[in-house]
Structures are given as C-alpha cells and as structure tokens.
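Participant: Each protein sequence line maps, in turn, to chains A and B. Each residue of the first sequence is one higher than the last, beginning at 909 in the working numbering. Each residue of the second sequence is one higher than the last, beginning at 909 in the working numbering. Built from N, CA and C at the ideal position, the CB exists for glycine as well.
There are 2 protein chains.
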Amino acid sequence: MDEVAFLENYDPAAYERPSVTVDLILMSVVDGAPAVLLTRRDRHPFAGAWALPGGFVGIGESLDEAAHRILIEKARMSDAYVEQLYTFGAVDRDPRTRIISVAYFALLPADRFTAALKSAPELALAELTVPWSGETGGPVEACIGNGNPLQLAFDHGEMLGLAMRRLRGKLDYSGIAFALLPERFTLRALQDIYEAILDTKLNKPAFRRRMLDRGWLEATGERETGASFRPAELYRYRKAEGER
Amino acid sequence: MDEVAFLENYDPAAYERPSVTVDLILMSVVDGAPAVLLTRRDRHPFAGAWALPGGFVGIGESLDEAAHRILIEKARMSDAYVEQLYTFGAVDRDPRTRIISVAYFALLPADRFTAALKSAPELALAELTVPWSGETGGPVEACIGNGNPLQLAFDHGEMLGLAMRRLRGKLDYSGIAFALLPERFTLRALQDIYEAILDTKLNKPAFRRRMLDRGWLEATGERETGASFRPAELYRYRKAEGER
DNA sequence: GCAAAAGTGTTAATGCTACACCCATGT
DNA sequence: ACATGGGTGTAGCATTAACACTTTTGC
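Structure below.
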C-alpha cells in the first residue's frame, strides 16, 4: 500500500488525538544561585509535589501564544524572554491520558518576582542545586531555602535539567544573560550571573574585556548609587542585529 | 478564580484537540553539498509542491517512536541518527485543520540513499542552496539538479532552515558529522563534510590536528583503496562517553 | 620520474589567564 | 586616612592558523 496516498486520505478526526500542553520553565538568578518558579499541586496525580506552571494549548492559539498566556495567567508575570525548549512526548508521562507537552524556557531578572510571589501563595521560587554533569543528561534538584530537594511532578525534573543545560550552553554566545538583569546593570552584576549559572569563579579583568570587546554593551554614563565604595558604571544591553 | 484549581478540573476530552504530526528533515552531504530528502505531494493542499516526509503521531506511540516509524515507512530508511529539532505550532500552518508538528532532524551518509531512492519514485534528494545567513533565521532553498528552487509545502522551508542552522551549530562540538560518513572514512572525507556544511574552505593541517587531538578518532590501520595516489588512512569514530 | 594527494614540522598570530597596580567613593 | 570594590595595564601561557616541506602511491 502506498503510504503517501494513505496519509492524504487519512482523516485525523477519525483517530484519537493526544492533548497538547505548554509547560513553562521560568528561571532567574537569585542571590547568586539559579532558581525556578514552581507551583504546588493540591490534586492527583502528584498531589503535594511541585510542578512547573503549565496549561492546555487552545485550538485557536499558537504554541508561542499559549506560552505567553501561561506566563501571564499561571506564572503571573508579563513580558519575559521566552523561547521554546523541547517537546516531551513519552506515552505515559501523564498517568491520566496521553498528553504531549511543549516545554518553554523563560528568563526574568530576580527583582521581577517579589510582587508576584506575594500575591500568589501557590507559587514559589525554588533554588536549583545543579550536579555539574557537563553535557550529559539527567534531572536537576530543586530546593526551597536550605531544605531538602523537592519532589517534582511528571517529568518536570527532566525539563528542568534540559533548561539548565540550555541556559549554560547559550550563555556565552547569545545575549541570554541580559534577560536575567534589569535594564541597567554593572559589569559585576553580569559576572555574578555568569558565575551562578556556570558554577565557577571567573577572572574579573578577562571577563570585563571579553564582554566589552563583544560590542553588546553600551555605557550609560550613569553610576551605581548607595555603595560605600567606588560606584560602578551602569551599562545597557545593545541587542545584536538579528535579535528582537 | 483560582487558575490551578481550574486546571485540575479541566477535562481535556471536553475541548477540541489539535492533531500532532512528526516531520522528518533527513539530511546528508552529497557531492560536496548538503541535501534533504523530499516527497512530492500529489493532493491538496500544496499539490505538486515538495514536502518533508511526515505522519501523525499514534495515541500509543511516543514522539521518538513516531519519528523512527516515519523514518522507516515514509523515508524508507533504517537506523539513522535522529534528534528532535523544534515544534511548529502556528494556528494556520496547515490550511485543513489545526496541526502541530514536531520536526525531527535525521542524518545519514550519502551512500545509504541510492537503494531507497530507486525503489521509491515519490522520493528525491534535493540539494540545498544555503544563503549564508549566519545566526539569523529564515527559510532555505532546495533544488534538484541545477534547476530552479523547489516550492516547499506548509512551513517546511522554515523547518529546513532551522535544521541547517542546527547542523552548523552542532557540527563543531558534537560528533554529529560522523553520522554523515560511513563507518570507516578518511580525514579528507571528514573535512569535505565540514566544508560542505559550513560552506568554507578549511586549512588541512589545522583540521587534521584539531580532529585527532579531540580523541574521537581511532585509526584502523587500514588504507583507502583505488586511488591513483598515496592512499589515506581509514579512521573510525570512537563515541564520547555520554553518547549512545 | 612525475603527478597528486597524504601527512608532518615550524613559525606566527591570536586570545585568554594571572597578577599587579591605580582609582573613586563613604565612613 | 582607610577600607572596599571598581577599573586598567602588562606579561606569560596555550591554543589555533598558516605555510613550507616530506612521504607514498599509481602511472
């Protein structure tokens, strides 16, 4: 039998379809450590466990639109850096029915969380403890405060691990780090972001020069205030050509 | 209203669900140029245009399983390097109904195509003309022979562009190039792959050393045959630890 | 012996790291 | 004045690119 002809005659409505959801890995760097936004589940399955904010994709809604809607409705944030990460499609990843989930990756500066976390008691920022596993896969542990690792629902631990690896991988060749900083920032703050994500100490002069030579930074002429020592210059991110 | 509670009460069966398909970007390097496997469509929509091989995801089948099934059934290949690329979810990407497509990226050495292409007349290997657009996005042109660019169905041009960029991006830090070569190969053949994909000329001694220092290559002790000049040593790819 | 491509050694350039030092501000 | 972190200059190191050269095969 001819496969192409079969496909053309195939009526998708006649077959059972999976549900499609979007899950959001909303990350930040808080007090020198990577963190994720989680919601506590109060129903089965995985009642009591922590999950990534997510929701079903509407029939008239693109995946990107769904991700932005969930960012606003479920994570109570607006206007973050958002990019698609990976689609998880194991048959039994949700014990209820077949659900395919498109994971999206979002970044925000730490100060954008404080208000939202107060008004939404089901949300929490969990600190990530990343076993420095290099390239290889595997999930990641999340903790709140200095407590024990949280139990994560579904395959959300895998999603988190993948998000962390993507963040590390893209950090050095894209302007992704600037999504974790306010509009104006010092070079020290930028370096802190790098050190938190890569989990290493970096050499200060080398880091400064590498960043400045890249042409992404624009000095504002303004200075930091409130420090009891020499105030640092504030920089702004000047996007590369291709970026939005 | 509480969003989390809403989600838990939400019955996915009560809402209209999208269909989910997998599309396969099966690439190779043929005669020093990147190429993709395409099928010619004979029905609406996009009748007469060329499309990537694809199919619906079964309800009891994971995404990866669907990709491998399509590799065998539609592309008539077996056992390629396959990895997930991106999920395309624009509402109107298919004029018939809402279809979300998970694009998979597959690689095979050129010699694996000859038999399959003869037995399947709807398939063709199209050469890619890649406008060297660096990081930035956009579709890619495909040609058969030296002809005009082919008209591609749906958003398959976008998929192709993304696949090409992924290939370029991963080429130098992963063993992805070896999926495009037979089990034993010469260093010149490996360099030809690099030059075809990156669309540049590379320095021979530097390339040799870079590859050998990486520890991925294992000399077999055997030599190329049939050349009218000094025969080159044949190497084998020794996978890095983490890889399957 | 000659042509053609494989393979190797040496040098130059580049980028990164480390260290030492100076600068500006609040207390 | 001094403590503290911001910012800059210079030297050393390692990696990479470029070129010239030698080696090995078939004709």
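Does the CB of residue 1008(B) have a neighbour CB from chain A at under 8 Å?
Facilitator: Answer yes: the Cβ-Cβ gap between residue 1008(B) and chain A drops below 8 Å somewhere.
Participant: Give me the Cα-Cα distance between residue 944(B) and residue 1127(B), rounded to the nearest whole angstrom.
Facilitator: Taking the straight line joining both Cα atoms gives about 30 Å.
Participant: With distances taken Cα to Cα, identify the nearest neighbour of residue 972(B) among 1001(B), 950(B) and 928(B).
Facilitator: The shortest C-alpha separation from residue 972(B) is found at 928(B).
Participant: Do residue 988(A) and residue 1016(A) come within 8 Å of each other at the CB atom, strictly closer than that value?
Facilitator: Their beta carbons are under 8 Å apart, which means residue 1016(A) touches residue 988(A) by this criterion.
Participant: According to DSSP, what are the bridge partners of residue 1037(A)?
Facilitator: 1049(A).
Participant: Considering only residues of the same chain and omitting the five flanking positions on each side of residue 1027(A), which have a CB-CB separation below 8 Å?
Facilitator: Cβ neighbours of residue 1027(A) beyond the five flanking positions: 984.
Participant: Does DSSP classify residue 1021(A) as helix, strand or coil?
Facilitator: Note: residue 1021(A) maps to coil in three-state DSSP.
Participant: When we look at the beta-carbon of residue 995(B) and count the other beta-carbons within 10 Å, is it buried (16 or more) or exposed?
Facilitator: It counts as buried.
Participant: Taking only beta-carbon atoms, is residue 969(B) less than 8 Å away from chain A?
Facilitator: With 8 Å as the cut-off, residue 969(B) counts as an interface residue toward chain A.
Participant: Say yes only if the C-beta of residue 928(B) is nearer than 7 Å to one or more non-hydrogen atoms of the ligand FAD, and no if none qualify.
Facilitator: Absence of the ligand FAD is noted for the structure shown, with no ligands found whatsoever.
Participant: With a threshold of 8 Å between beta carbons, is residue 926(B) in contact with chain A?
Facilitator: True, the Cβ-Cβ gap to chain A drops below 8 Å.
Participant: Report yes or no: do three or more beta-carbon pairs, one from the segment 958-967 of chain A and one from the segment 1061-1076 of chain A, lie closer than 8 Å?
Facilitator: Yes: the two stretches touch, three or more of their Cβ pairs being nearer than 8 Å.
Participant: Nearest by alpha-carbon distance to residue 1105(B): which of 930(B), 1113(B), 1090(B) and 1086(B) is it?
Facilitator: Measuring from the Cα of residue 1105(B), the nearest candidate turns out to be 1086(B).
Participant: I need the straight-line Cα distance from residue 930(B) to residue 991(B), nearest angstrom please.
Facilitator: C-alpha separation (whole angstroms): 12 Å.
Participant: Taking residue 998(A) and residue 970(B) to be in contact with their CB atoms under 8 Å, please state how far apart those CB atoms are, rounded to whole angstroms.
Facilitator: Yes, they are in contact, since the Cβ atoms of residue 998(A) and residue 970(B) sit about 5 Å apart, within 8 Å.
Participant: Please state if the CB of residue 1140(A) and the CB of residue 1095(A) are separated by a distance shorter than 8 Å.
Facilitator: Against a cut-off of 8 Å, the Cβ pair of residue 1140(A) and residue 1095(A) comes out as a contact.
Participant: Ends of the beta strand (DSSP E) at residue 1013(A)?
Facilitator: Note, residue 1013(A): beta strand (DSSP E), 1007-1015.
Participant: For residue 1019(B), which residues in the same chain have their Cβ closer than 8 Å to its Cβ, ignoring the five residues on either side in sequence?
Facilitator: Excluding positions up to five away in sequence, the list reads 1090.
Participant: Rounding to the nearest angstrom, what Cα-Cα distance links residue 1136(B) and residue 1113(B) in this structure?
Facilitator: Looking at the two C-alpha atoms, the distance is approximately 22 Å.
Participant: Can the beta-carbon of residue 1076(B) be found closer than 8 Å to that of residue 1144(B)?
Facilitator: Contact: no.
Participant: Grab the span of the alpha helix (DSSP H) containing residue 1059(B) for me, first residue to last.
Facilitator: Residue 1059(B) -> no alpha helix (DSSP H), and no H or E assigned at all.
Participant: Under three-state DSSP, which class holds residue 1134(A)?
Facilitator: Residue state, collapsed to three classes: coil.
Participant: Answer with buried or exposed for residue 1002(A), where buried requires no fewer than 16 other C-beta atoms within 10 angstroms of its C-beta.
Facilitator: Buried, because 16 or more other Cβ atoms sit within 10 Å of the Cβ of residue 1002(A).
Participant: Taking the alpha-carbon positions, what's the residue 925(A) to residue 1074(B) distance?
Facilitator: So the alpha carbons of these two residues sit roughly 29 Å apart.
Participant: Rounded to whole angstroms, what is the Cα-Cα separation between residue 888(B) and residue 948(B)?
Facilitator: Here chain B has residues from 909 to 1152 only, and residue 888(B) is not among them.
Participant: Would you tell me roughly how many angstroms separate the C-alpha atoms of residue 1084(B) and residue 1097(B), rounded to the nearest one?
Facilitator: Distance between the alpha carbons of residue 1084(B) and residue 1097(B): 14 Å.
Participant: In terms of residues, what are the limits of the beta strand (DSSP E) holding residue 991(B)?
Facilitator: Here the beta strand (DSSP E) through residue 991(B) covers 989-996.
Participant: Measure from the alpha carbon of residue 1014(B) to the alpha carbon of each residue in 1107(B), 1059(B) and 978(B), then state which is nearest.
Facilitator: Taking only the C-alpha atoms, the option nearest residue 1014(B) is 978(B).
Participant: Label residue 953(A) either buried or exposed according to how many other C-beta atoms from any shown protein chain fall within 10 Å of its C-beta, with 16 as the threshold for buried.
Facilitator: So residue 953(A) counts as exposed.
Participant: Counting only C-beta atoms, is residue 1065(A) closer than 8 Å to chain B at any point?
Facilitator: Not closer than 8 Å to any Cβ of chain B, the Cβ of residue 1065(A) fails to qualify, so no.
Participant: Excluding the 5 residues preceding and the 5 following residue 1059(A) in the sequence, name in chain order all residues of the same chain whose CB lies nearer than 6 Å to its CB.
Facilitator: For residue 1059(A), where only same-chain residues beyond five positions count, the Cβ hits under 6 Å are 957.
Participant: Can a CB atom of chain A be found closer than 8 Å to the CB of residue 937(B)?
Facilitator: It does not; no Cβ of chain A falls within 8 Å.
Participant: In chain A, what lies closer than 7 Å to residue 1069(B) by C-beta?
Facilitator: Going along chain A, no residue has its Cβ under 7 Å from residue 1069(B), so there is no contact; the nearest lies around 13 Å.
Participant: Comparing C-alpha positions only, which one of 1131(A), 942(A) and 1024(A) sits nearest to residue 1100(A)?
Facilitator: Looking at the Cα atoms, 942(A) is the closest of the given residues.
Participant: Please state the DSSP three-state secondary structure of residue 935(A).
Facilitator: In this structure, residue 935(A) counts as strand in the three-state DSSP scheme.
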